[in-house]
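Asks: The following block contains the structure, expressed as structure tokens.
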Amino acid sequence: MVTIEGVARVAGRRCSGLWHYLTARVQGRQAVELKRMRNEATMMVLSLLKPGTDFYESEAGGRTRLIRVAQPPAGPAAVGSSQPAPDRSDR
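This is the structure in structure tokens:
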């Protein structure tokens, strides 16, 4: 007599490769989504920090990375010549 448990056992053996593939696929997608969300949160935090600030971020495995917020460029705010335009009234 065929029981539900017997059918489940046979189906489990025959589909083990499929279940392994599907599990690995879901875990991979979750890892990518987690990394994407972490990057978005880091960008949000960096946009709130003052220029010249150092931001330390701990990653999985005990690794720490340093992100330094860039200083604004030193010099004139406008690009180009700071001299006034020549007077062309003699035309």
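The numbering of the sequence shown is my numbering, which starts it at 808 and goes up by one. Every residue gets a Cβ at the ideal spot worked out from N, C-alpha and C, and that includes glycine. Note that the coordinates shown come from a computational prediction; the quantities given were computed from them, not determined experimentally.
#1: Within the continuous beta strand (DSSP E) that includes Arg875, where are the two ends?
#2: Would you list the one or two residues that DSSP bridges to Ser865?
#3: Could you check whether the Cβ of Leu856 sits closer than 8 Å to any Cβ belonging to chain C?
#4: Taking three-plus beta-carbon pairs below 8 Å as touching, is the region 822-838 in contact with the region 850-857?
#5: CB-CB under 7 Å to Gly859, same chain, minus the five flanking residues each way: which ones, in chain order?
#6: Only counting the same chain, and skipping five residues up and downstream in sequence, which positions put a Cβ closer than 7 Å to that of Leu901?
Replies: Walking through what the data contain:
#1: Thr871 to Arg875
#2: Thr871
#3: The structure shown has no chain C; it contains just one protein chain.
#4: no
#5: Val876 and Gln878
#6: Because residue 901 is not part of the residues shown, which for the chain are 808 to 898, the question remains open.
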